[in-house]
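Okay, structure first, notes after.
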Amino acid sequence: MGCYLAAARRGIRSQTGWLRGKSEGSTMKRPVVSALQWRIEEACLNAWPALREVLLDGWLLRFSEGLTRRANSANALAPVGSPALTKCQCLYRRLGLPTIFRVLSFADPAIDQQLAKAGYTSEGESCVLYGKSTS
504 MGCYLAAARR
514 GIRSQTGWLR
524 GKSEGSTMKR
534 PVVSALQWRI
544 EEACLNAWPA
554 LREVLLDGWL
564 LRFSEGLTRR
574 ANSANALAPV
584 GSPALTKCQC
594 LYRRLGLPTI
604 FRVLSFADPA
614 IDQQLAKAGY
624 TSEGESCVLY
634 GKSTS
């Protein structure tokens, strides 16, 4: 079977850049969140592990050495509200890392608004594909 684009498209927001790749005023509709979307997100987090992880208010904060954003970012674990910015920033600063938030395309738009007000900007996007396995 062919691959299907999962609604788990995601982007990252940091004060130096990386978020959902939508421009302000986009008319794209957000997809309905499904259990499959969260299973895909969980599989992606497990496939690219971080050296250290901290749970904070429904967010998984991931810390690793090196430059990879996926293993050095704050990630929502469920349909949660906006992150506790000051707490997140303190933890990343303590480890000498930039504070980066991965924002799922099906996340509450208020998260983007809070991050934008705090000076975070869009830097990039990643896209997850999935399909049925033949084995």
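If you read the sequence shown in the working numbering, its first letter stands for residue 504, the second for the next number, and so on.
Built from N, CA and C at the ideal position, the CB exists for glycine as well.
Predicted model only: the values in this text are computed from it and were never measured.
For Arg605, does the three-state DSSP call read helix, strand or coil?
Position 102 of the sequence shown, counting from 1, holds the residue named residue 605. It is a strand residue.
For Leu580, collect the residues of the same chain with a Cβ closer than 8 Å to its Cβ; drop the 5 residues on either side in sequence, then sort them by chain order.
Taking the first residue of the sequence shown as 1, we reach residue 580 at position 77. Only Leu558, Gly561, Trp562, Leu563 meet the Cβ criterion.
What are the boundary residues of the alpha helix (DSSP H) that includes Glu628?
The sequence position of residue 628 within the sequence shown is 125, counting from 1. Bounds of any alpha helix (DSSP H) do not take in Glu628; it lies within the beta strand (DSSP E) bounded by 624-629.
Which of helix, strand or coil does DSSP assign to Glu568?
The count along the sequence shown starts at 1 and reaches residue 568 at position 65. Three-state result, Glu568: coil.
Applying the criterion that 16 or more other CB atoms from any shown protein chain within 10 Å of the CB defines a buried residue, is Glu568 buried or exposed?
As a working note, residue 568 is residue 65 in the sequence shown. Under this definition Glu568 is an exposed residue.
Which one or two residues does DSSP pair with Leu559 in a beta bridge?
Counted from its first residue, the sequence shown places residue 559 at position 56. BP columns for Leu559 point to Trp562.
Can you tell me whether DSSP reads Ala579 as helix, strand or coil?
Within the sequence shown, numbered from 1, the residue matching residue 579 stands at position 76. Three-state result, Ala579: strand.
Residues in its own chain within less than 7 Å of Arg555 by CB, not counting five upstream and five downstream?
Here residue 555 refers to the residue found at position 52 of the sequence shown. These residues qualify, in order along the chain: Phe566.
Determine, using beta carbons only, whether Arg605 and Ser576 come nearer to each other than 8 Å.
In the sequence shown, counting from the first residue as 1, residue 605 sits at position 102. In the sequence shown, counting from the first residue as 1, residue 576 sits at position 73. Closer than 8 Å, so yes.
Within 10 angstroms of its Cβ, does Glu544 collect 16 or more other Cβ (buried), or is it exposed?
Taking the first residue of the sequence shown as 1, we reach residue 544 at position 41. Buried is the call here.
Whole-angstrom distance between Ser638 and Ser608, CA atom to CA atom:
Residue numbering aside, residue 608 sits at position 105 when the sequence shown is read from its first letter. Residue numbering aside, residue 638 sits at position 135 when the sequence shown is read from its first letter. One C-alpha to the other measures close to 30 Å.
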